[in-house]
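> Pasting in a structure now, in structure tokens, and then I'll have a few things to ask.
Number of protein chains: 2
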Amino acid sequence: MDLTALRTAHPDHWSKATAIRALTLDAVAAAKSGHSGMPMGMADVATVLFEKHLKFDAKAPDWPDRDRFILSAGHGSMLLYSLLHLTGYEDMTLEQVKNFRQWGSITAGHPEYGHAKGIETTTGPLGQGISNAVGFAMAEEILRAQYGKKIVDHHTYVIAGDGCLMEGVSQEAITLAGRHQLSKLIVFWDNNDITIDGPVTLADATDQPQRFKSAGWAVIEIDGHDPDAIDAAITKAKSQGKPTMIACKTHIALGHAAQDTSKGHGALTDADQMAEAKAGYGWTTGPFDVPADIKAAWEAIGARGAGDRKAWEERFASISGNKQALFNRTLAREVPKKLSATVKAFKKQMSESAPKLATRAASEKTLEIINPIMPETVGGSADLTGSNNTKTTDLGVFDTNNRGGRYIYWGIREHGMAAAMNGMALHGGLRPYGGTFMCFTDYARPAMRLAALMKIPTVFVMTHDSIGLGEDGPTHQPVEHLAISRATPNTYVFRPADAVETAESWELALSSTQTPSVLSLTRQGLPTVRTDHKLKNMTAQGAYVLAEAEGKRQVILIASGSEVSVALEARDTLQEAGIGTRVVSMPCMELFAEQDESYRRKILPAGAARIGIEAAMRQGWDRWLLGERGKASKADFVGMDDFGASAPANVLFEKFGITAEAVIERAKALI
Amino acid sequence: MDLTALRTAHPDHWSKATAIRALTLDAVAAAKSGHSGMPMGMADVATVLFEKHLKFDAKAPDWPDRDRFILSAGHGSMLLYSLLHLTGYEDMTLEQVKNFRQWGSITAGHPEYGHAKGIETTTGPLGQGISNAVGFAMAEEILRAQYGKKIVDHHTYVIAGDGCLMEGVSQEAITLAGRHQLSKLIVFWDNNDITIDGPVTLADATDQPQRFKSAGWAVIEIDGHDPDAIDAAITKAKSQGKPTMIACKTHIALGHAAQDTSKGHGALTDADQMAEAKAGYGWTTGPFDVPADIKAAWEAIGARGAGDRKAWEERFASISGNKQALFNRTLAREVPKKLSATVKAFKKQMSESAPKLATRAASEKTLEIINPIMPETVGGSADLTGSNNTKTTDLGVFDTNNRGGRYIYWGIREHGMAAAMNGMALHGGLRPYGGTFMCFTDYARPAMRLAALMKIPTVFVMTHDSIGLGEDGPTHQPVEHLAISRATPNTYVFRPADAVETAESWELALSSTQTPSVLSLTRQGLPTVRTDHKLKNMTAQGAYVLAEAEGKRQVILIASGSEVSVALEARDTLQEAGIGTRVVSMPCMELFAEQDESYRRKILPAGAARIGIEAAMRQGWDRWLLGERGKASKADFVGMDDFGASAPANVLFEKFGITAEAVIERAKALI
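Protein sequences, first through last, are from chains E and W. If you count the first sequence from 1, position 587 lands on 587 in full-length UniProt numbering, and the numbers rise without skipping. If you count the second sequence from 1, position 133 lands on 133 in full-length UniProt numbering, and the numbers rise without skipping.
Structure follows, in structure tokens:
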């Protein structure tokens with residue numbers, strides 16, 4: 001590259017972009033690790049975007065109507081940190097930049113949501129950012145329909161690399177964006193021809209522009225180092241009426257000895273080469289030293305949106321008080337006051353009528369009463385609407401001609417759905433939930449983990465949660481998936497036993513502000529076990545005594561979901577045989593673990609033998625069966641220890657020995 | 001549809017295709033569940049494929065040079081079962097077809113590999129079959145390069161639906177196939193415009209032909225009910241020099257009242273509608289009754305390849321004895337005799353030289369000695385070759401001009417890699433292994449589960465297996481992934497402590513015939529703990545005493561991988577303080593669980609306090625810490641209970657308290 005030509009053609013632009021490159025080199029060198037090449041390659045695109053297009057105010061980073069900027073290629077985190085520091089985000093001090101990748105800094109190796117203002121989502125696992133962005137753009141459409149263009153009217157910009165585009169989830173994302181003509185979504189492809197293993201051509205020969213066009217996108221191809229071309233492309237992208245991919249031909253590690261090589265992807269820390277690169281840029285100050293005039297120019301960019309922001313605040317003040325309150329409540333992730341009473345009334349009705357109902361059907365009934373009072377819920381399913389029972393009467397279907405629709409037909413895209421739901425939750429103002437078969441947790445896993453890591457309350461509705469799924473067979477029958485979600489930090493796994501616990505689980509999931517929820521729901525019908533109405537949300541403590549032992553307590557049966565009624569049936573027989581048997585319903589292990597020790601000991605006292613009952617693998621149960629820190633009991637587990645099989649559900653429960661008879665036999669053997 | 005016109009235009013074809021439709025309707029009706037519409041829609045394509053193109057011999061279903069037929073749209077399993085029954089596969093009796101979806105039958109709801117001959121892979125989770133197929137086609141290329149065209153020369157045919165094509169993994173698969181110009185891969189797209197939720201257009205508007213072209217495929221668009229067009233398309237597809245997608249415009253549930261509707265996707269069991277459909281087909285026999293002449297015509301198709309097969313056997317007999325032996329050995333998944341001695345020699349060398357080495361580097365060293373003696377290994381990485389240490393000197397790189405290359409640059413496609421590796425393992429003759437960061441287990445999960453379910457020994461090389469990854473931060477640091485793989489049935493999770501255990505783990509993984517392996521390997525250097533050379537593979541028993549307590553045994557430290565050296569360090573101090581401390585290395589919980597109780601009790605005797613040490617979540621450990629069935633001990637665990645953070649690795653171990661000091665403190669508190 002002829003850097004001199006670039007410098008002389010656009011000197012002001014050049015100095016600003018160079019500040020990003022210099023800070024990147026310095027921070028990576030200080031950390032002795034990181035990814036230098038991407039920020040150096042995309043500095044020009046980012047500079048033009050921030051200078052001329054991105055609607056933001058560095059002093060009001062949470063302004064709800066700001067444009068969103070998502071660095072899907074999260075390894076290039078120094079690009080984002082440089083931009084935030086240079087434009088004057090208050091928390092992104094020079095000290096933080098100097099502490100790149102160090103313990104306690106807000107400048108983690110990859111951008112972590114919640115660490116610093118301006119990080120709209122956690123990225124790093126490739127393909128996630130661009131998929132989150134689809135949710136951001138959908139959220140913008142839905143909220144614009146709800147509040148009008150004067151309150152909600154912003155763009156979502158994404159920088160994605162070859163890694164993001166090779167990941168399968170990106171296909172789910174771009175086809176969703178294309179289907180829904182999300183015209184305010186603009187993706188910059190960092191087309192630098194390099195991946196970690198070498199040239200992109202080693203592994204891929206995709207015609208990306210043609211691919212995006214096949215998904216219904218507009219495509220613009222430019223030189224990613226030409227500020228005029230970048231500016232013109234963004235201007236054009238905003239008026240295409242569909243999502244736009246701007247293919248930016250760039251040089252990774254521009255101006256460095258490692259330019260255009262896979263070495264340039266990583267940490268460029270050689271002092272001589274750094275000096276050489278900076279000399280080539282015409283950058284003469286020392287490490288982390290941005291000349292005052294250049295910093296001032298950047299800060300002016302950071303302040304550019306202040307007027308827009310103030311005007312928005314005035315417009316916001318002009319809408320009705322109710323609308324303002326709703327906007328603020330939903331943005332704060334607060335539930336409406338009447339949620340509690342609504343759920344209580346529903347519980348009472350269920351306890352009294354005691355229906356035999358699959359919990360997926362109970363979930364639908366619950367949503368039928370919740371969705372009308374929570375306009376922030378957005379439901380959906382990955383092409384299993386009728387099976388997941390996620391669609392309620394009043395939601396309306398999100399579509400190009402119905403932007404206010406709150407139900408999304410996600411198609412057969414579990415991963416894209418989960419990632420886009422995260423994007424909606426991150427955008428704010430909406431509470432997304434989406435369904436698939438629990439077994440396909442596997443497909444959605446990368447995004448489910450990120451919801452937990454980001455501390456956002458996405459709700460995953462996982463129906464057909466055991467061999468109770470029946471004939472579809474072991475490919476569709478989860479056995480390890482409860483353990484998988486329970487092993488994941490900051491995740492609530494709710495496995496309700498009946499309609500009452502289902503409603504309680506929904507109340508907790510929608511009240512959660514920082515923890516995603518997995519609702520584990522049955523295909524098959526279950527009897528109501530909570531026939532004694534209680535105002536209190538019993539699920540909130542994770543586990544509770546559903547049926548007390550009569551006489552001397554010899555056995556505690558601990559069960560979740562569909563196996564709670566199995567436990568109750570076993571208890572009847574055991575009590576008849578004079579064996580005092582307590583039944584503990586345990587709809588949420590994580591909430592139980594959060595209780596203090598005295599409550600936990602009250603529910604699971606020492607002395608009695610314990611049997612866990614769950615149509616799933618034992619992993620995760622031993623803590624409750626064997627006790628914590630050496631307070632172990634005699635214990636056994638009735639569940640699965642292998643994959644399921646294809647047969648009617650009742651046959652499977654019989655053949656795999658998850659029956660009251662089996663529980664009774666094991667209980668007798670233990671005591 | 002004008003069925004009469006179809007019938008009269010091609011009466012012989014029609015009667016054969018109708019046999020599939022009739023058997024499908026009957027089997028689904030008998031099971032009262034299943035998916036009728038897809039087999040009814042794709043019967044014409046399948047009939048022409050089997051009658052005129054597919055190279056197979058129903059009486060020799062395992063003939064290694066057969067064409068592979070993969071039903072990626074696995075819910076249409078009755079299409080496959082009908083074809084196998086009609087063409088005369090001996091195990092696919094009419095009785096089995098009548099027992100569709102019942103306990104103990106080989107006709108599961110979705111095709112299960114191993115249940116019946118002719119089921120080349122387990123499908124149902126969408127997108128897997130088409131992705132397996134890429135591995136099948138790569139395997140064919142590699143083996144053709146190894147053995148020549150007269151021994152290996154076959155096609156891989158796939159039927160995929162809209163579901164398969166919407167799943168992101170299909171993008172990874174088709175871009176891989178396009179990049180490598182896998183010209184013997186032919187995919188039929190069942191283009192019926194219908195998914196479960198309704199018309200495809202509800203959720204997708206992708207121009208699939210354009211999408212496939214962007215990936216480097218040839219595309220042919222036909223009427224999927226016109227046998228001449230189908231025949232011509234397949235003939236053309238074989239000569240395109242690249243993979244071909246044949247877009248087949250079809251009618252789901254052809255001829256049934258539910259034709260062209262989402263209802264047609266499911267179980268069509270209404271007796272009147274069935275009768276009406278059969279009448280429209282001109283099908284007059286009763287349930288499960290295929291007229292003898294039609295069955296005979298199908299059986300002739302099943303026997304069509306017998307001559308080819310015999311000719312192949314003669315050709316095979318003509319190659320060298322060594323080549324034959326190699327072919328047969330690898331097909332039988334047997335390791336070469338010299339593997340054991342080679343590994344032993346390597347272990348001796350490591351024990352003597354006692355290097356400080358990351359286990360990922362130890363893994364590379366092991367592969368350097370194994371790959372030259374096992375020509376069936378195929379290595380690869382999802383764009384982390386230098387980090388996963390998966391590439392050895394002699395492998396060569398698989399490419400269009402080097403079909404014998406045994407290293408695959410998979411690109412940033414963890415899921416596609418895992419699914420394609422499964423395809424290679426299923427094809428037979430190759431032993432695939434592939435690497436990524438352990439955290440990206442999440443991306444590969446759906447295929448990893450299927451390897452376990454199918455009982456195939458795919459090897460997943462998961463490096464950077466803890467916070468030891470360091471600065472890249474929590475998005476790249478696994479904490480729950482050991483638990484995830486351990487919760488999965490039929491999966492060996494090896495977490496070796498040093499180079500010796502790494503070599504032992506590789507020997508076990510490559511000797512496994514029915515169980516996939518996860519190798520959990522460190523980024524960071526580890527000391528050699530097995531300095532005392534033993535011929536025996538100590539990892540084979542899952543856990544063993546690495547250092548015995550001196551004096552009275554008060555504490556047992558149980559550790560895996562990078563924490564074994566932490567345990568040894570803690571033991572030194574505890575012994576100095578007079579606390580008898582045993583250290584158990586536990587590289588594989590699953591193999592330990594397979595040992596008899598007396599061995600398990602010998603390694604973990606009652607009495608002493610136990611501390612588990614692993615830089616991961618506790619879930620899965622309690623069985624070993626608290627004992628089984630009530631034989632609990634005082635216990636504690638030193639590991640992670642939340643996500644990691646971004647900082648240098650040594651800082652993280654210190655901050656998260658996974659140190660010898662922490663172990664010592666906990667041990668003293670327990671006793």
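The beta carbon of each residue, even a glycine, is placed where N, CA and C say it ideally should be. If you're wondering where the values come from, they're calculated on a predicted model, not measured in any experiment.
1. Helix, strand or coil: which one does DSSP assign to E/Ala-662?
2. Could one say the Cβ of W/Ile-159 lies closer than 8 Å to chain E's Cβ atoms, at least one of them?
3. Identify the residues that DSSP records as bridge partners of E/Asn-402: which are they?
4. Evaluate contact between the region 588 to 608 of chain W and the region 568 to 576 of chain W, counting only Cβ atoms and requiring at least three cross-stretch pairs below 8 Å.
5. In this structure, how does DSSP classify E/Met-438 when only helix, strand and coil are distinguished?
6. Thinking just about the alpha-carbon of each residue, which of E/Ile-658, E/Ala-635, E/Thr-156 is nearest to the one in E/Gly-644?
7. Using 8 Å as the threshold, is the region 478 to 487 of chain E in touch with the region 484 to 499 of chain W, meaning 3 or more CB pairs across them?
8. Could you tell me if E/Lys-602 is buried or exposed, where buried requires 16 or more neighbouring beta carbons within 10 angstroms of its beta carbon?
9. Should E/Tyr-409 and E/Gly-429 be called a contact, given that it needs their Cβ atoms to be closer than 8 Å?
10. Starting from W/Phe-188, trace the beta strand (DSSP E) in both directions and tell me its first and last residue.
11. Against E/Ala-31, what residues of chain W qualify as contacts under a CB-to-CB distance less than 9 Å, listed in chain order?
12. Could you confirm whether any beta carbon from chain E is found closer than 8 Å to the beta carbon of W/Leu-453?
13. Please state whether the Cβ-Cβ distance between E/Pro-291 and E/His-13 is less than 8 Å.
14. With a threshold of 8 Å between beta-carbons, can E/Tyr-409 be considered close to chain W, or not?
15. Work out the CA separation of E/Ile-611 and W/Ala-116 for me, nearest whole Å.
16. At 8 Å on the CB atoms, spell out the chain W contacts of E/Ile-196, in chain order.
17. For W/Phe-188, which residues in chain E fall below 8 Å Cβ to Cβ?
18. Shorter than 8 Å from the beta carbon of E/Val-169 to some beta carbon of chain W?
19. Just verifying my parser: in three-state terms, what is the DSSP assignment at E/Lys-455?
20. For E/Pro-496, which of E/Tyr-407, E/Cys-588, E/Gly-423 has the nearest alpha-carbon?
21. Thinking C-alpha only, which one of W/Lys-213, W/Ile-234, W/Asn-191, W/Thr-201 is nearest W/His-251?
22. Here's the rule I'm using: 16 or more other beta-carbon atoms within 10 Å means buried, otherwise exposed. How should E/His-533 be labelled?
23. Looking at chain E, is there any beta carbon in it that lies within less than 8 Å of the beta carbon of W/Arg-629?
24. Going by the DSSP bridge assignment, what does E/Met-462 pair with across the sheet?
25. Taking the CB atoms as reference points, tell me whether W/Leu-185 and W/Ala-177 lie closer together than 8 Å.
26. Quick one: grab the DSSP three-state call for E/Ala-247.
27. Would DSSP call E/Lys-117 helix, strand or coil?
28. With a threshold of 8 Å between beta-carbons, can W/Val-555 be considered close to chain C, or not?
29. What's the C-alpha gap between W/Ala-133 and E/His-10?
30. Which of helix, strand or coil does DSSP assign to E/Glu-550?
31. Within the 8 Å Cβ cut-off, does E/Ala-645 reach chain W?
32. Under the three-state reduction of DSSP, which class applies to W/Gly-630: helix, strand or coil?
33. In the DSSP output, which residue or residues are listed as bridge partners for E/Gly-198?
34. How many angstroms separate the CA atom of W/Asp-260 from the CA atom of W/Ile-194?
35. Report the rounded CA-to-CA distance for E/Asn-322 versus E/Leu-331, giving the unit in angstroms.
36. By the three-class DSSP mapping on this structure, what secondary structure does W/Val-479 have?
Reading it off the structure:
1. In the first sequence, residue 662 of chain E corresponds to position 662, counting from 1. Of the three classes helix, strand and coil, the one that applies to E/Ala-662 here is helix, per DSSP.
2. Position 159 of the second sequence, counted from the first residue, corresponds to residue 159 of chain W. So no, W/Ile-159 is outside the interface.
3. By one-based count along the first sequence, residue 402 of chain E stands at place 402. According to DSSP, E/Asn-402 bridges with E/Asp-399.
4. no
5. Here residue 438 of chain E is taken as the residue at index 438 of the first sequence, counted from 1. Here E/Met-438 sits in helix by DSSP.
6. What you label residue 644 of chain E is simply residue 644 of the first sequence in a count that begins at 1. It is E/Ile-658 whose Cα lies nearest to the Cα of E/Gly-644.
7. yes
8. Within the first sequence, residue 602 of chain E is the residue found at index 602, counting from 1. By the neighbour-count rule (16 or more Cβ atoms within 10 Å), E/Lys-602 is not buried but exposed.
9. Within the first sequence, residue 409 of chain E is the residue found at index 409, counting from 1. Within the first sequence, residue 429 of chain E is the residue found at index 429, counting from 1. Cβ atoms of E/Tyr-409 and E/Gly-429: not closer than 8 Å.
10. Translated into the one-based positions of the second sequence, residue 188 of chain W becomes position 188. Here the beta strand (DSSP E) through W/Phe-188 covers 185 to 191.
11. If you number the first sequence from 1, residue 31 of chain E lands on position 31. Under the 9 Å cutoff, chain W gives Glu-471, Pro-648.
12. Start at 1 with the first residue of the second sequence, and residue 453 of chain W comes out as number 453. It does: the Cβ of W/Leu-453 has a partner Cβ on chain E nearer than 8 Å.
13. Here residue 291 of chain E corresponds to residue number 291 of the first sequence, with the count starting at 1. Here residue 13 of chain E corresponds to residue number 13 of the first sequence, with the count starting at 1. Cβ distance not < 8 Å, so E/Pro-291 and E/His-13 don't count as in contact.
14. As a working note, residue 409 of chain E is residue 409 in the first sequence. Closer than 8 Å: yes.
15. Stepping through the second sequence from its first residue, residue 116 of chain W is reached at position 116. Stepping through the first sequence from its first residue, residue 611 of chain E is reached at position 611. One Cα belongs to W/Ala-116, the other to E/Ile-611, and the distance between them is close to 38 Å.
16. In the first sequence, the residue the question calls residue 196 of chain E occupies position 196. Within chain W, the residues near E/Ile-196 are Asp-383, Leu-384, Thr-385, Gly-386, Ser-387.
17. Start at 1 with the first residue of the second sequence, and residue 188 of chain W comes out as number 188. Ordered by position in chain E, no residue passes the 8 Å Cβ test against W/Phe-188, which lies about 18 Å from the chain.
18. On the first sequence, position 169 is the one that residue 169 of chain E refers to. So, interface residue.
19. Counting from one through the first sequence, the residue named residue 455 of chain E turns up at place 455. If DSSP states are grouped into helix, strand and coil, E/Lys-455 belongs with coil.
20. Stepping through the first sequence from its first residue, residue 496 of chain E is reached at position 496. Closest option to E/Pro-496, Cα to Cα, is E/Cys-588.
21. Looking up residue 251 of chain W in the second sequence gives position 251. Taking only the C-alpha atoms, the option nearest W/His-251 is W/Asn-191.
22. For this step, residue 533 of chain E is matched to residue 533 along the first sequence. Exposed, by the Cβ-count rule.
23. The residue given as residue 629 of chain W occupies position 629 in the second sequence. Low confidence applies to W/Arg-629: its pLDDT is 47, below 50, so where it sits in the model is not reliable, and the reading given next is rough at best. Interface residue, yes.
24. For the purposes of this step, residue 462 of chain E is identified with residue 462 of the first sequence, where counting begins at 1. In DSSP, E/Met-462 forms a bridge with E/Thr-436, E/Ser-520.
25. Indexing the second sequence from 1 puts residue 185 of chain W at position 185. Indexing the second sequence from 1 puts residue 177 of chain W at position 177. Yes.
26. For the purposes of this step, residue 247 of chain E is taken as residue 247 along the first sequence, with counting starting at 1. In this structure, E/Ala-247 counts as strand in the three-state DSSP scheme.
27. Translated into the one-based positions of the first sequence, residue 117 of chain E becomes position 117. The three-state reading of DSSP puts E/Lys-117 in coil, since its state is none of H, G, I, E or B.
28. The chain labelled as chain C is not found among the protein chains of the depicted structure, namely E and W.
29. The residue you call residue 133 of chain W lines up with position 133 of the second sequence. The residue you call residue 10 of chain E lines up with position 10 of the first sequence. Distance between the alpha carbons of W/Ala-133 and E/His-10 is about 51 Å.
30. As a working note, residue 550 of chain E is residue 550 in the first sequence. DSSP places E/Glu-550 in coil when its eight states are reduced to three.
31. Start at 1 with the first residue of the first sequence, and residue 645 of chain E comes out as number 645. For E/Ala-645, the answer is yes, since a Cβ of chain W falls inside 8 Å of its Cβ.
32. Working through the second sequence from its first residue, we reach residue 630 of chain W at position 630. Legend: pLDDT at W/Gly-630 = 46, less than 50; position of this residue unreliable, no value from coordinates given.
33. By one-based count along the first sequence, residue 198 of chain E stands at place 198. Per DSSP, E/Thr-195.
34. As a working mapping, residue 260 of chain W is identified with position 260 in the second sequence. As a working mapping, residue 194 of chain W is identified with position 194 in the second sequence. Taking the straight line from one Cα to the other gives about 7 Å.
35. Along the first sequence, one-based indexing puts residue 322 of chain E at 322. Along the first sequence, one-based indexing puts residue 331 of chain E at 331. Their Cα atoms are separated by approximately 14 Å.
36. Numbered from 1 along the second sequence, position 479 holds the residue referred to as residue 479 of chain W. Coil.
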